[in-house]
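Here's the structure, in structure tokens; my notes come after.
Number of protein chains: 2
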Amino acid sequence: MPSVRFQPANVVADVPSGTPIHMAALRAGILDLELPCGGEGACGLCQVEVVGRDAPVLACQTSVTSDIVVRLPDRSQTAARALGDSHALIDAGLLPDRDHLTPLYHDLRITMPPASIEEHYSDWTRLTRELSRNSGTVPITTQLSVLRQLAEAVRTADGNVTVGVEESTSGQRVRDVRPGHSTAHALGLAVDIGTTTVAAQLVDLDDGSPLATQTSYNMQIRRGADVISRIDYARTGEHLEELRGLVLETINGLVGLLANAIPVDPRDIRAAFLAGNTTMTHLALGLPPRYIRESPYVPTVNFVPELRAQEVGLNIDPQAIVAFAPGVGSYVGGDITSGVLCTDLSTSNRDVFLFMDIGTNGEIVIGNTDWMVACACSAGPAFEGAGIKCGMRAAEGAIERVAISDDGEQLEYSVIHGGKPAGICGSGLISLLGDLFRQGVVDRSGRFFKSPGTGRIVEHQGRRAFLLATAEQARSGKDLVITEADLENLIRTKAAIYAAGSLVLKNVGLTWDAVARVYIAGGFGRYMRVADAVFIGMLPDLPLERFRYIGNSSLTGAYIALLSREHRRRMAEIAARITYVDMSSNPQYMDSYVKALFLPHTDLEQFPTVAETFESRRRNAP
Amino acid sequence: MPSVRFQPANVVADVPSGTPIHMAALRAGILDLELPCGGEGACGLCQVEVVGRDAPVLACQTSVTSDIVVRLPDRSQTAARALGDSHALIDAGLLPDRDHLTPLYHDLRITMPPASIEEHYSDWTRLTRELSRNSGTVPITTQLSVLRQLAEAVRTADGNVTVGVEESTSGQRVRDVRPGHSTAHALGLAVDIGTTTVAAQLVDLDDGSPLATQTSYNMQIRRGADVISRIDYARTGEHLEELRGLVLETINGLVGLLANAIPVDPRDIRAAFLAGNTTMTHLALGLPPRYIRESPYVPTVNFVPELRAQEVGLNIDPQAIVAFAPGVGSYVGGDITSGVLCTDLSTSNRDVFLFMDIGTNGEIVIGNTDWMVACACSAGPAFEGAGIKCGMRAAEGAIERVAISDDGEQLEYSVIHGGKPAGICGSGLISLLGDLFRQGVVDRSGRFFKSPGTGRIVEHQGRRAFLLATAEQARSGKDLVITEADLENLIRTKAAIYAAGSLVLKNVGLTWDAVARVYIAGGFGRYMRVADAVFIGMLPDLPLERFRYIGNSSLTGAYIALLSREHRRRMAEIAARITYVDMSSNPQYMDSYVKALFLPHTDLEQFPTVAETFESRRRNAP
């Protein structure tokens, strides 16, 4: 078997001759070669260099026939999500460079001009003038303890001081003034509070680098899978407090994991930026959510004023400033404005863009900097692994990509961080459903063609299932299977998403063709095979280069907003500009949804390339 | 003896025929007939109505010859200081009327518009829109506890809510939201922290009315009489804390007295506005004051950011907002900007005005809204009763006005709140020194002409003294006397004030004649006889109608600033506009001071009307 060595990671995979380079990379544990076109050779994003050859090649279109050394592009070295990498964000204009960061909290190293008889401004005035030089004239407040230490601090180290400054919507607040220029870096926290999954990221506020990310199921799950059941549960003050406690326990648990991993003291976290849907935000703050689902559907708050960690209940610096992504209304929350911030919807009015965030709820926003229309649908948590028998979050041990052989008998998969699989995450499920359908293992309703006992088809609790891994291969020592019930669940989810997208377009008088770029956000995993998502009819049949998978954009937006005043302002503009369209009251939605409950869709004309694939396969069939 | 009945107070005095009405009023305990011209008939401010006569008369020029009924102007009903009366302040444009108050803290009674499907703004957005309707668009913040109660509060009483709102320089802060329209009135506190005397006023923040005022010696006095000795004492952190504790004990003691008097709970005081000189402000906040008197004389802070009562140490609502009058520099503090706010210097540029605040330090500001120049001199606490044998603050029991008969033998005096005298306050001392000099009891050096045992001249501890009240007449059961040492003390103080005023005028190229109005502020008492102050050479020899005594203008300014956003802004402008001129380094000052150490002055040409009085007395002498 030829051997492929990947540089600069310096990892090796031995693969059968004829294996495409991108599959070899998968074998070698390299997971972040971008394949938005699904390996069709269409997007050109998987370009790599084969040492000794003159021109770069596409990893998806080039087979391994002998021992080679492959050099991957720099960006592929990071294991970050599509948009989690700060360099990529700076390149995309979504983050200022490190010398121009304006985080929620900043340690500014300044040199105070000495006072003189002529310029005898007070210590505080000289300090605030220096701060204004950096950030323009805004009101500057502080607390008494800072004033008490000020005279000595400015006279200890030749006027060199490190000033801890908070940026809020009402101005700046000086948190402390220390003599000398501190070498320690200030820490911040970005959090996405999802209905099913909570993700938290520790951030270096001095240079903007993300230090570590952790995700966990939202412990509120035990009190209901979706926002409606949580709102119903929270009707009493006691239950509301319970739900608040559960999500705080989740977040604080993640903070503890993050802090241990570095390690740092969580009390050194000086600022937090949180994004969540409106119900999650209300529950995290202990605000009664009932009015969210009672006409006229008015939440307590969309633009949450800045709060303190202590009152919120975050186990970080008790006085840390805590900001929230602003929401649009009861059914479009801060997670969406945070996500839209990461896309061209927030930067351009030259085209029309579509953003879809697929979580337990699916939200879709269409528009650009001139106008934005949003809708929401209940997608269900299937792509976060919930409600799927062997589903799991995109975490260590999750199958995140599969490849089924043409006969449907052989299976290749890659596992996050390697080792035996523990389950399958969103990206793996899309990949799996796509290949099951492509290779003719399931019909257009998601039913298996073959009977149990044939190939990988087994019987599981009275229904047909597909064997992903045997008990020996699986981490749990039990078979990992996908049942027909799981497939029905996935198809319902993809149908809801497609129907909502189609309808919101119709609502603004457009069709899918008019969309210059489709952004797909969600907790599927570290990447997602767009071609499979099109193939199963979750995404429209557009040229693959129009799609961009951006992962957990709610978290990424929170990370950006934590670091940049301009982007916090832009996020508020987004929230103010989005118009919500209620789809639950639209009779066309159910019609559109039912038509999408097939693979890829009842109306094959909407998926011409998928139809063409079947047609050519039929022609080529023996 | 004819009897005079004063209306509407309905009090009666029996006086010898020929007694002027204003002396009869004094006898009847009516203390607030304005006599800025000292009873010379020049200013016309003591106009009263004698029932049965056609035209009003001047109380100082009209003698009582038969039983009459005198109707006093409405304003005379209040016992407030010259500017302490809110109606007078509204009339003078120094305070908005009660419907347009913008206090530091305000209970706003608003009706929330109901949400609808079309206008489904969040509760918080609807609330902040209503607040913006009242006060323009400013950043609005709050705390989590407010958001938690919001949904229920706005749905309980048909959208009627009472919203506790703080006004700060960085925007508004919602402190609480209660269902219904509260009938309780919010309370505020205005404080003048003087080096010798501390004054506190309890204020109704809903209608702007002053509820009660209390004064007390600053308990720091035991650690030094003036700011220099306090700064020196505060060199160690322990001593600084001690001084801080002493002034807080003083203020909190006054708060307790005020709260008991109404009675109210001090924790219902939601806002405080404090004015003090720079050293007093630093000591009250526990800020090291040493750099105030070390070159280049730079305080920690002039514009103190708003703080919370808890961190400051005030025994009121711990979360109450605490604001400070902004200072100009080390030797011109917030008490001066607060005082200037009460004068035409803050409102007009058509003339030149002079403001003098006579406390332990004397500060003088000259100018108008276009320019202001300030200087400071060490006046000493004599006019606050400190350093004078039987001196006392202008409080109950203080002799506040005296009249000596032409032969220097007979004495009339009035006592604050009546009864036996306990001592003599600033206004009494000026009145006394003026009459001692006018009636020929003392010479131009302040020495008694006659020997002890003659008339009221007695011997006291080896020096000559003037008997104010015998042991039987006095509250203490001991003689009340003014010694020659006391008179020297008073003359030093008046000389320092006059010299500083003359020199600051010279500094800007003007003379006293150019001053359209002279404002005299200080803790002398409830009023001050300007004619006496001119007669002893403390004030320049200008037409009496150019003078205006405005009492404790630092407290009045704090009271105004507590109630009006516009005036808080104006106060900051004043502080920014004042240019400080250092006089201690000016060799002309000592020369000018020494020349003023006579009654009225070495150079009689500077006091032509005083010279004329003596000349005419000499001519008329038998």
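Protein chains in written order, with our numbering: chain A, 295 to 916; chain B, 295 to 916.
Cβ coordinates follow ideal geometry from the N, Cα and C atoms, glycine included.
Since the model is a prediction, treat every value here as computed from it, not as a measurement.
N- and C-terminal bounds of the beta strand (DSSP E) containing arginine 403 of chain B:
399–405
Here's the rule: buried if 16 or more other CB atoms are within 10 angstroms of the residue's CB, otherwise exposed. What is aspartate 452 of chain B?
When all chains shown are included, aspartate 452 of chain B counts as exposed.
Distance, glycine 531 of chain A Cα to valine 448 of chain B Cα
17 Å
Just curious, the beta strand (DSSP E) that alanine 478 of chain B is in, first and last residue?
Counted as a single uninterrupted DSSP element, the stretch harbouring alanine 478 of chain B is not any beta strand (DSSP E), since DSSP gives it neither H nor E.
Cβ closer than 9 Å: which chain B residues qualify as neighbours of phenylalanine 597 of chain A?
The contacting residues are Ser416, Trp418, Thr419 and Thr422.
Chain A beta carbons: is any one of them nearer than 8 Å to that of leucine 856 of chain B?
no
Can you list, in chain order, the residues of its chain whose CB lies under 6 Å from that of threonine 405 of chain B, leaving out five sequence neighbours each side?
Result list for threonine 405 of chain B: Gly453 and Asn454, in chain order.
Close Cβ partners of alanine 765 of chain A (< 6 Å) along its chain, the five nearest in sequence each way excluded
Gly771, Lys772 and Asp773
Closer than 8 Å to chain B by CB, isoleucine 411 of chain A
yes
Assuming methionine 865 of chain A is part of the alpha helix (DSSP H), what are its boundary residues?
859–871
Give the residues from the segment 608–639 of chain A that approach chain B closer than 7 Å (Cβ to any Cβ), ordered along the chain.
If the cut-off is 7 Å between Cβ atoms, the segment 608–639 of chain A has Gly623 near chain B.
Tell me whether the beta-carbon of leucine 496 of chain B lies closer than 8 Å to the beta-carbon of arginine 564 of chain B.
Taking 8 Å as the cut-off, the Cβ atoms of leucine 496 of chain B and arginine 564 of chain B do not count as close.
Report back the beta-carbon spacing between asparagine 609 of chain B and proline 675 of chain B to the nearest angstrom; my notes put them in contact at under 8 Å.
That pair is no contact at about 27 Å.
Chain A partners of glutamine 437 of chain B, CB-CB under 9 Å?
Pro599, Leu601, Arg602 and Glu605
Could you pull the start and end residues of the beta strand (DSSP E) that alanine 470 of chain B belongs to?
Note on residue identity: the sequence assigns aspartate, not alanine, to residue 470 of chain B. Per DSSP, aspartate 470 of chain B belongs to the beta strand (DSSP E) from 465–473.
Rounded to whole angstroms, what is the Cα-Cα separation between arginine 912 of chain B and aspartate 385 of chain B?
Their backbone Cα atoms lie some 45 Å apart in a straight line.
Expressed to the nearest angstrom, what Euclidean distance is found between the alpha-carbon atoms of arginine 365 of chain B and glycine 795 of chain B?
Answer to the nearest angstrom: the Cα atoms are 39 Å apart.
Taking all protein chains shown into account, decide if phenylalanine 743 of chain B is buried (16 or more other Cβ within 10 angstroms of its Cβ) or exposed.
Under this definition phenylalanine 743 of chain B is an exposed residue.
How about serine 464 of chain B: is its C-beta nearer than 8 Å to some C-beta of chain A?
yes
Leaving out the 5 sequence neighbours to the left and right, which residues in its chain are closer than 6 Å to arginine 369 of chain A when beta-carbon positions are compared?
Annotation note: pLDDT 43 at arginine 369 of chain A (below 50); position unreliable, coordinate value reported separately. Apart from the 5 residues on each side of it in sequence, arginine 369 of chain A has no Cβ closer than 6 Å to any other Cβ in its chain.
Using 8 Å as the limit for Cβ to Cβ distance, is threonine 594 of chain A near chain B?
yes
Let me check one thing: in DSSP terms, what residues is valine 306 of chain A bridge-paired to?
Bridge partners of valine 306 of chain A: A:Arg299.
Since phenylalanine 731 of chain A is in the alpha helix (DSSP H), which residue starts that stretch and which ends it?
That run of the alpha helix (DSSP H) goes 720–732.
Below 8 Å, how does it come out for the segment 840–856 of chain B and the segment 815–829 of chain B: are there three or more Cβ pairs, yes or no?
yes
Comparing the C-beta of glycine 580 of chain B with each C-beta of chain A, is any distance below 8 Å?
yes
For the alpha helix (DSSP H) that alanine 827 of chain A lies in, which residues bound it at each end?
824–829
From the DSSP output, which residues share a beta bridge with phenylalanine 649 of chain A?
A:Val659 and A:Tyr813
Cβ neighbours of phenylalanine 901 of chain B in the same chain (closer than 7 Å, five flanking residues each side left out)
The answer, listed in chain order, is Gly831, Asp835, Pro894 and His895.
Mind checking whether alanine 349 of chain B and cysteine 340 of chain B have CB atoms under 8 Å apart?
In this structure, alanine 349 of chain B keeps its C-beta atom at 8 Å or more from the C-beta atom of cysteine 340 of chain B.
What is the DSSP secondary structure of serine 439 of chain A, counted as helix, strand or coil?
helix
So, does the CB of arginine 249 of chain B fall closer than 8 Å to a CB anywhere in chain A?
Missing from the structure shown is residue 249 of chain B; chain B here goes from 295 to 916 and no further.
Using a beta-carbon distance below 8 Å, is tyrosine 292 of chain B in contact with chain A?
Chain B is shown from 295 up to 916; residue 292 of chain B falls before or after that span and cannot be answered.
Beta-carbon spacing of valine 735 of chain A, isoleucine 785 of chain A below 8 Å
The answer is no: Cβ separation not under 8 Å.
Quick check on DSSP: helix, strand or coil for valine 455 of chain A?
In the structure shown, the three-state DSSP call for valine 455 of chain A is strand.
If you follow the alpha helix (DSSP H) that aspartate 885 of chain B is part of, which residue opens it and which one closes it?
881–889
Report the option in A:Arg757, A:Val592 and A:Arg423 whose CA atom is closest to the CA atom of aspartate 780 of chain A.
Ranked by Cα distance from aspartate 780 of chain A, the first of A:Arg757, A:Val592 and A:Arg423 is A:Arg757.
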